[in-house]
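Quick note on UniProt numbering: the sequence shown kicks off at 1 and runs consecutively. Ideal Cβ placement from N, Cα and C applies to all residues, glycine included. Data block below; observations after.
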Amino acid sequence: KGTSNGSYKGHRLFTCPEGCAVFLPVSHISLRRWSRGQSHVRNSTSPPPFHIGQRVCFPLNDSVYGGEVCFCGLLPGKSSSGMYVGVLLDSPFGNWDGFYKGEKLCQIPSPQYGYLVHINKVSPGTAVETCRPKSRRHNPLHQIKQPILKPVIPPTTKPPPMSPPASTSKIALMPPTKQALNIPPLPPPKPSVKPLPPVPPPKPSSPMLPSDPEPLQDTNGLQDLPSPLRSPDDTDAVFDDGGGELEVGSMVEVNDPPLFGVIRWIGRIGGIPEQVAGIELDQEISAGTDGSYLGERHFRCPANKGLFVKLRNCRRDSRFPAPEAPVNQVERCNSVAFAEWGSERVDEHTAPLEGDEASELYQGWKRGIQGHLNSCYLDATLFSMFSCCSSADWVLFWPTDDETEQNSKQAQDLLRCEIVNPLRRYGYVCASKTMALRRLLEAANQDMGFTNKEKDPEEFLNKLFQLLRVEPLLKIRSMTHQPQECHLYQLFPRMRSPSCLLLLMPRFGKDFKMFDAILPTLSLDLTDLLDDTLRQCSICQTVAEWECSQCYEDMDITPGHLKQYCQTCNTQVHSHRKRVSHSPVKVSIPEGTWTGSLHSARQKMSLFAVTCIETSHYVSFVKHGPLITDWLFFDSMADREGGENGFNIPHVKACPEVGRYLSLTEEELSRVDTASLREPVRRLLCDSYMCLYHSPELSLYK
Numbered sequence: 001k002g003t004s005n006g007s008y009k010g011h012r013l014f015t016c017p018e019g020c021a022v023f024l025p026v027s028h029i030s031l032r033r034w035s036r037g038q039s040h041v042r043n044s045t046s047p048p049p050f051h052i053g054q055r056v057c058f059p060l061n062d063s064v065y066g067g068e069v070c071f072c073g074l075l076p077g078k079s080s081s082g083m084y085v086g087v088l089l090d091s092p093f094g095n096w097d098g099f100y101k102g103e104k105l106c107q108i109p110s111p112q113y114g115y116l117v118h119i120n121k122v123s124p125g126t127a128v129e130t131c132r133p134k135s136r137r138h139n140p141l142h143q144i145k146q147p148i149l150k151p152v153i154p155p156t157t158k159p160p161p162m163s164p165p166a167s168t169s170k171i172a173l174m175p176p177t178k179q180a181l182n183i184p185p186l187p188p189p190k191p192s193v194k195p196l197p198p199v200p201p202p203k204p205s206s207p208m209l210p211s212d213p214e215p216l217q218d219t220n221g222l223q224d225l226p227s228p229l230r231s232p233d234d235t236d237a238v239f240d241d242g243g244g245e246l247e248v249g250s251m252v253e254v255n256d257p258p259l260f261g262v263i264r265w266i267g268r269i270g271g272i273p274e275q276v277a278g279i280e281l282d283q284e285i286s287a288g289t290d291g292s293y294l295g296e297r298h299f300r301c302p303a304n305k306g307l308f309v310k311l312r313n314c315r316r317d318s319r320f321p322a323p324e325a326p327v328n329q330v331e332r333c334n335s336v337a338f339a340e341w342g343s344e345r346v347d348e349h350t351a352p353l354e355g356d357e358a359s360e361l362y363q364g365w366k367r368g369i370q371g372h373l374n375s376c377y378l379d380a381t382l383f384s385m386f387s388c389c390s391s392a393d394w395v396l397f398w399p400t401d402d403e404t405e406q407n408s409k410q411a412q413d414l415l416r417c418e419i420v421n422p423l424r425r426y427g428y429v430c431a432s433k434t435m436a437l438r439r440l441l442e443a444a445n446q447d448m449g450f451t452n453k454e455k456d457p458e459e460f461l462n463k464l465f466q467l468l469r470v471e472p473l474l475k476i477r478s479m480t481h482q483p484q485e486c487h488l489y490q491l492f493p494r495m496r497s498p499s500c501l502l503l504l505m506p507r508f509g510k511d512f513k514m515f516d517a518i519l520p521t522l523s524l525d526l527t528d529l530l531d532d533t534l535r536q537c538s539i540c541q542t543v544a545e546w547e548c549s550q551c552y553e554d555m556d557i558t559p560g561h562l563k564q565y566c567q568t569c570n571t572q573v574h575s576h577r578k579r580v581s582h583s584p585v586k587v588s589i590p591e592g593t594w595t596g597s598l599h600s601a602r603q604k605m606s607l608f609a610v611t612c613i614e615t616s617h618y619v620s621f622v623k624h625g626p627l628i629t630d631w632l633f634f635d636s637m638a639d640r641e642g643g644e645n646g647f648n649i650p651h652v653k654a655c656p657e658v659g660r661y662l663s664l665t666e667e668e669l670s671r672v673d674t675a676s677l678r679e680p681v682r683r684l685l686c687d688s689y690m691c692l693y694h695s696p697e698l699s700l701y702k
C-alpha cells in the first residue's frame, strides 16, 4: 500500500521492495495501537496512559513543573492532534480554566493553576525532582544550540551516523525517512566536538530527546522539527501560529547562518498543527523545491528555491531596518507634527478674491486645503463653497447661544478663523485645522468615522449644518404636502428660492453612475419651480394656471421647458386627440387679479463649483471670475512627501478648457470625441458628483 521503494524525488534514502515505503510528516506517526495482547502497548479499549489524580511533571522554559492529572484524552474537534493532559499545577503559573471551545473538560479552581499540554511532553513522577534536568554545566546536551525536545520511540539499536548536506535548513519541514519512522538516530556532532554519549531511553509513556543542532538528511526542502513545548492559553490557540506581523510578501530569514527569502504562501499542511510558510529563497539550495510540498503545489518559484518552514520560525530580514511602529494618524495630525506645514489663524473677516487675483493666490503646490487620512470629501467641499464665493458666508456668522451651544460656537469659530479666512488670505490651510473640525463633528454625532474614514460631501454638510444649528438652505414641498426643510436635494423640487443650491448628480454611491457623462448647465432658471410665483403661459405668455408633466416631451410646444398654460390655452391644447388623455394640475399663484402678458424677471442661479469623485477620491472645480475660462482645479492630495508618516501636498491649477466645454450645446458636445478630452475636462464631465449654484443677489439677504 506504499508509494515508493525508499527513494524520494530521485534520492535513495533507504531500500525496500517497490510499493512498501511511504513518506509523511512525522507528526502523523504515533506508537502502534496493537490489537492483541502486548502488555507494553495499549489497545483501543485500554484506559488513558495517565489516570486522574496521578502525579506528573513536564518541562517548560528551561524548568520542570509538576502537578496532578485532572484530564487526559482527546480534545473536542482535535482528535487528529493526539491526546492532551490537563494538569492541576502545584504553583500558580498556568493559563487554563478547564474549558476547551466552550466544553468543560475538568474542574480547575483558578486558571492560574491549570495547564493543558500535549501528552508527549508529560512524564509520570511522584515529585518534580524526578523529572528535573541536570544543570547545563554538567549536562553536555544543554551545550547544544537551540535544544528542542522531540518525541521518539525507544531505540533498539545503535543508529548509524549520517552526514547531512550543509545547505539544509535546520527548521524546514520534510517528509520523514524510514529511520524517522522506526529509529530516529542522533546525527554526529561537529568535528570539533566529541561524539555525544548514548542517551538512555525515556519512559514509554512520554519519550523525550533533545535534537541535535546539525541539520538532518532531508529532501523536498522539508525537514521536521517539532514545536517547542507550549500550552494553549485560550479556546482557539492550542497551537500557537506565531509569525507576529509576517504576511505574504514579507522579507524573512530562517536558520543560523540565515537563509533569506520572501514569503509566498501561508497556510496549513496536513499533519502539521501550526501555520506553515512557503518561502522563495534568494539562492538555490539542494533541498529546495519549486513551491510544491508532497506533490501539492502551494506557490510557484524557480526550482530549488522553495522552502517550507513553520511560520513561527521565520523572522524579519535583518538586512533591512525594522518597520516603524504604527502611528495613530488622527493623534499625529496636530500643530507640532505639522509645524512645517502649519497655517495661521485670521480673525478678521476676509472676502474672497476674484479673477486674476484669485488665480494668482491659489495656483501652485501647497495651495488650497491640505488633505490627511481620507479627508478629501471635506477638503473638496469646503474649497468649493468658500474659496471664491461668498454666497455661503452666512453660515460663518449664524447667531449662536454662548451658554447652550458651546460646540456650535467652537465649530463656527474654527471654520471661520482657522479655515475660511486663512484660505482666502494666504491660499492655504493645514490639515491640522480640518482635523480639529472633524473631531468636533465626530464628538457631536457620536460617529467614530469622521476623523479617519471616507465620507460623502452631503453627509459632511448635513452634519456640519446640524452642528452649527443654521437654518436649512432649502424649503421643498411635494404636491399638496407641507414644506420640508433640507440642505441638499437630488431633484428639482418646488421650493423657496435659495441663495445657494447644492445639487447632487444622478448617481448612487461611489461606485455606480447612472450616466457615463453629465453636462452641468452654467445657469439654472428656477422661476417655474418656485411656489407662489407668477408663471408664464408657454403659448400666450399670460399668467399660467395649469401645468402638465405629460406634455413635457412634446417637441411642438417650447421644447426643453416645463409646459404650463393659462385657462384658455390649457383647454385648447388638451382638446387635441394626442393630449386628450393628459391630466394637467392646477398651480398656485399669488393672490390678486392678473391680466395681460407677463414680463417679470426670471430667477436664475449660476454654477460656481463642481465636486467630482473618481475611485473614492474627491476633487473640485471652482469658477473664480466672470470669464468662461476662469476655472481652477483643486486636489488636496495631489502629491505626498514621505511615507506612511509623511504629508500630503495640495495643488491648485488653472483649467481654462473646462469653461469652453461647459459652454457647448448638447448637439456640439455630442460631436466631441471623448478620447480627445483632456484629463481635467474628462473628470468634470464623467465624474461630477455635486454641482454648486448660487444667487449673488439673494445671498445678500440671507
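For residue i versus residue j, is the C-beta spacing smaller than 9 Å?
i	j	result
Asp525	Lys604	yes
Gly371	Gly625	no
Leu519	Leu662	yes
Tyr362	Tyr618	no
Leu677	Leu685	yes
Trp631	Pro590	no
Ile654	Phe633	The sequence given here has Ala at residue 654, not Ile. Yes, Cβ-Cβ distance for Ala654 and Phe633 is below 9 Å.
Glu667	Val327	no
Leu353	Ile369	no
Cys612	Arg660	no
Ala380	Pro457	yes
Cys314	Ile263	yes
Met690	Leu534	no
Leu607	Thr521	yes
Return the Cβ separation of residue i and residue j in integer angstroms, given the expectation that the two are a contact with Cβ distance under 8 Å.
i	j	result
Gln564	Val580	Between Val580 and Gln564 the Cβ distance is about 19 Å, and since that is not below 8 Å, they are no contact.
Glu284	Asn304	4 Å
Arg469	Thr350	Between Thr350 and Arg469 the Cβ distance is about 24 Å, and since that is not below 8 Å, they are no contact.
Ala337	Val309	Not really, about 40 Å apart at Cβ, beyond 8 Å.
Pro124	Met83	With a Cβ gap of about 14 Å, Pro124 and Met83 do not count as contacting.
Cys106	Gly98	5 Å
Val330	Asn445	16 Å between Cβ atoms; not a contact.
Trp96	Gly73	So it is not a contact: roughly 15 Å between Cβ atoms.
Met448	Cys333	Actually they are not in contact, since the Cβ atoms of Met448 and Cys333 sit about 16 Å apart, beyond 8 Å.
Leu307	Ile279	5 Å
Leu440	Gln410	7 Å
Which same chain residues end up closer than 6 Å to residue i when comparing Cβ atoms and leaving out the 5 residues on each side of it in sequence?
i	result
Arg345	Cys417, Glu418
Glu679	none
Ser695	Ser499, Met605
Ala358	Cys388, His624
Glu697	none
Leu437	Leu414
Arg602	Asp525, Thr527
Cutting at 8 Å between CB atoms, please list the residues of its own chain near residue i, excluding the five before and the five after it.
i	result
Trp546	Gln564, Tyr565, Cys566, Gln567, Asn570, Pro584, Val585, Lys586, Val587
Lys433	Ser343, Leu414, Glu418, Ile419, Pro422
Tyr552	Leu562, Lys563
Cys540	Cys566, Thr568, Cys569, Ser597
Pro258	Ser318
In chain order, what residues of the same chain have a beta carbon less than 7 Å from the beta carbon of residue i, not counting five sequence neighbours either side?
i	result
Ile649	Trp365, Lys366, Ala638, Asp639, Arg640, Glu641
Arg297	Gly291
Asp317	Met251, Val252, Glu253, Phe260
Leu88	Gly67, Glu68, Cys70, Ile108, Tyr113, Gly114
Ser384	Ala609, Thr611, Ser620, Val622, Leu692
Any idea if residue i is buried or exposed, counting beta-carbon neighbours within 10 angstroms, 16 or more meaning buried?
i	result
His138	Because His138 sits at a pLDDT of 37, beneath the cut-off of 50, its placement in the model cannot be relied upon, and the following sentence gives the value as read from the coordinates. Counting Cβ neighbours within 10 Å, His138 comes out exposed, since fewer than 16 surround it.
Asn421	buried
Cys20	exposed
Phe50	buried
Arg300	exposed
Ser63	exposed
Asp556	exposed
Ile269	buried
Cys548	buried
Which runs of the beta strand (DSSP E), 3 residues or longer, sit entirely within the stretch 301-341? 306-310
Uninterrupted beta strand (DSSP E) stretches inside the stretch 404-484 (no shorter than 3 residues): 474-477
Suppose only complete runs of 3+ residues qualify. What are the beta strand (DSSP E) ranges in the stretch 590-666, listed by chain order? 604-614, 617-623, 631-641, 647-654
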